[in-house]
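So the sequence shown is residues 349 to 530, counted in the working numbering. What follows is a set of notes on a single structure, which appears directly below.
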Amino acid sequence: MMSINKVAVIGAGTMGSGIAGQVANAGIEVWLLDLPNDDNPNALAERGLERLRDPKQPGLISKEAESFIRLGNTRDDFDKLADCDWVAEAVVERLDIKKDLYQRLDAVCHADAIITSNTSTIPIRLLVEDMPAPFRQRFAITHFFNPVRFMRLLELVRGEDTDDAVIELLADFCEQQLGKGV
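As structure tokens, then:
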């Protein structure tokens, strides 16, 4: 069975940066990507990292954990996702944007890469209705709660076509590595 050794999170807002921080806290390399900015292509990802450094509610447990985070953007660094075992999508709650992203992910991610969404509002069947069967088989919803570091609960939602092994791997990884109750 596959293992999760490298992760990417797309969307560096509150939830995306929190997910990336929790992965980094587990000592696992994680890419944090967001849309590029003309002045500074990685500005949104950098802002996500700043959120994790907030002393009032730190998302990182140490400077060492921060060293596992790689910052990038969806224009210049999308090819980095080819090496990731799990790509967690945490973009704006718009179905059209998510579907466009999934098409791009399907083209670049390796055939065994797990793709998940952090959505709490869009049914999984709508998210993957236009995607090929192999993509649907490795897709699930991993709904983290805010603040990710401190909220132990994780909702794991399978689709009609989601492979049992994908759900088992995600549940084990999120429980054992991320400290979540699935």
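Each residue gets a CB set at the ideal place from its N, CA and C atoms; glycine is no exception. Predicted, not measured: the structure shown is a model, and the values here were computed from it.
Say whether the region 472 to 491 touches the region 502 to 517, bearing in mind that this needs 3 or more beta-carbon pairs closer than 8 angstroms, one atom from each stretch.
-> yes
Considering only C-alpha positions, which residue in the set Gln370, Met350 and Ala360 is nearest to Val496?
-> Gln370
Which residues in the same chain as Ala360 place their Cβ atom closer than 6 angstroms to its Cβ, once the five residues preceding and following it in sequence are excluded?
-> Leu380, Asp382, Leu392, Ala393 and Gly396
Nearest to Arg500 (by Cα), restricted to the options Ala519, Ala430 and Asp425 | Ala519
Chain-order list of residues whose beta-carbon lies under 7 angstroms from that of Val344 (same chain, five-residue window excluded) = Given a span of 349 to 530 for the chain in the structure shown, any question on residue 344 remains unanswerable.
Given that a residue counts as buried once 16 or more other Cβ atoms are within 10 Å of its Cβ, and exposed if not, what is Lys411?
-> exposed
Return the chain-ordered list of same chain residues with a C-beta closer than 6 angstroms to the C-beta of Leu408, the five sequence neighbours on each side being excluded.
-> Gly369, Leu400 and Glu414
Near Gln525, which residues of its chain fall below 6 angstroms by C-beta distance, leaving aside the five closest residues on each side in sequence?
-> Ala374
Counting only the same chain and skipping the five closest in sequence on each side, list residues whose C-beta sits under 7 angstroms from that of Ser468.
-> His491
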